[in-house]
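Protein chains in written order, with this note's numbering: chain A, 69 to 185; chain B, 69 to 185.
Heads up, the beta-carbon is just placed ideally off N, CA and C, and yes, glycines get one too.
Below: one structure, written as structure tokens.
Number of protein chains: 2
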Amino acid sequence: MLIRIDPGSGVAIFDQIAASVRADASRGTLRPGDRLPAARELAEALEVNVHTVLRAYQQLRDEGLIDLRRGRGAVVTDAAARGSELLDAVRALVADARRTGVPPQTLLTLIREEYPA
Amino acid sequence: MLIRIDPGSGVAIFDQIAASVRADASRGTLRPGDRLPAARELAEALEVNVHTVLRAYQQLRDEGLIDLRRGRGAVVTDAAARGSELLDAVRALVADARRTGVPPQTLLTLIREEYPA
DNA sequence: CTATAGTTCTAGTTCATCTATAACAAGTCG
DNA sequence: CGACTTGTTATAGATGAACTAGAACTATAG
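As structure tokens, this is what we get:
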């Protein structure tokens, strides 16, 4: 469980935190039942405000990736394991995009168009 | 060529415009050689500032999706056609994600992790 | 040459993000 | 039960990116 962020990368910090957790879940580094660090704790480690971390956690909860409960913290759900099954398909698609010279932004847009939030 | 935007959606307007063009190119609605509306023209239609549209166009140029020339405007390049070849693969992947209950954000993160800008 | 349309510059406004503090509430766990 | 942990909510201020506005400039098309 290592979360790294880059302030001033243009991407909102809370988005980076959430993305980092998602990535760990997909890789299997984070497994169902695992607990994320407490918000205040992580905030201190990243030298970031608690609200920023909490906003990331709430985003993940909205996606069903974690459960948030007072007193216990953020626990990874079963849903998180499912993401890892897609990894191979994702890798194949990315390889295709690379080969044909389709830039990341375009690929991301294609996905978004087909799978709107 | 229909471009719609939603101000106050959190996503920057110039990003929305660029994404809309990318989507049209992938779908085949926009083909190599086609011209985008003049920046001032589109700006007026969308009730948006010219700079905002131009920023979107410049982003697309950086990706190689369009050529920008004074006096002529924005012309879709050959590169744009390549994106459409990926559509089937993208649709398959999205279907897989849907089936397994993986939310859009998670899928997008997976792509980003594998294909960093 | 004239109209077109992108480029560059300056300046002001708005709004999301992030920070800082604090009080509160619902759990966990001994 | 009771202390502790940890998320929830609220308020307020600072910062910077995005957007707007207006104008002058310049390469290219026709």
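Just verifying my parser: in three-state terms, what is the DSSP assignment at V144 (chain B)? If you number the second sequence from 1, residue 144 (chain B) lands on position 76. If DSSP states are grouped into helix, strand and coil, V144 (chain B) belongs with the strands.
Pick from B:L128, B:T177, B:L104 and B:A124 that is closest to G141 (chain B), judged by C-alpha positions: Numbered from 1 along the second sequence, position 73 holds the residue referred to as residue 141 (chain B). Cα-wise, what sits closest to G141 (chain B) is B:L104.
Which of helix, strand or coil does DSSP assign to R72 (chain B)? As a working note, residue 72 (chain B) is residue 4 in the second sequence. In this structure, R72 (chain B) counts as coil in the three-state DSSP scheme.
For S88 (chain A), does the count of other Cβ atoms within 10 angstroms reach 16, so buried, or fall short, so exposed? One-based indexing of the first sequence puts residue 88 (chain A) at position 20. S88 (chain A) comes out buried.
Out of B:A165, B:R150 and B:P171, which has the shortest C-alpha to C-alpha gap to P100 (chain B)? Here the question's residue 100 (chain B) lines up with position 32 in the second sequence. Of the listed residues, the one whose Cα sits closest to P100 (chain B) is B:R150.
According to DSSP, is L104 (chain B) part of a helix, a strand, or is it coil? Counted from its first residue, the second sequence places residue 104 (chain B) at position 36. In the displayed model, L104 (chain B) falls within coil according to three-state DSSP, outside both helix and strand.
Does any C-beta atom of chain A lie closer than 7 Å to the C-beta of Y125 (chain B)? Locating residue 125 (chain B) in the second sequence gives position 57, where the first residue counts as 1. No, because no Cβ of chain A sits closer than 7 Å to the Cβ of Y125 (chain B).
Quick one: any contact between the region 129 to 145 of chain A and the region 147 to 165 of chain B, if contact means 3 or more CB pairs under 8 Å? no
Against chain A, with Cβ distances strictly below 7 Å, would T97 (chain B) count as a contact? In the second sequence, residue 97 (chain B) corresponds to position 29, counting from 1. No, because no Cβ of chain A sits closer than 7 Å to the Cβ of T97 (chain B).
Under 7 Å, CB to CB, which of the residues in the region 71 to 94 of chain B have a partner in chain A? A87, R90, A91 and S94
Under the assumption that A165 (chain B) contacts L175 (chain B) (Cβ atoms under 8 Å), give the Cβ distance between them as a whole number of angstroms. Walking along the second sequence from the start, residue 165 (chain B) turns up at place 97. Walking along the second sequence from the start, residue 175 (chain B) turns up at place 107. With 8 Å as the limit, A165 (chain B) and L175 (chain B) qualify as a contact, their Cβ atoms being about 5 Å apart.
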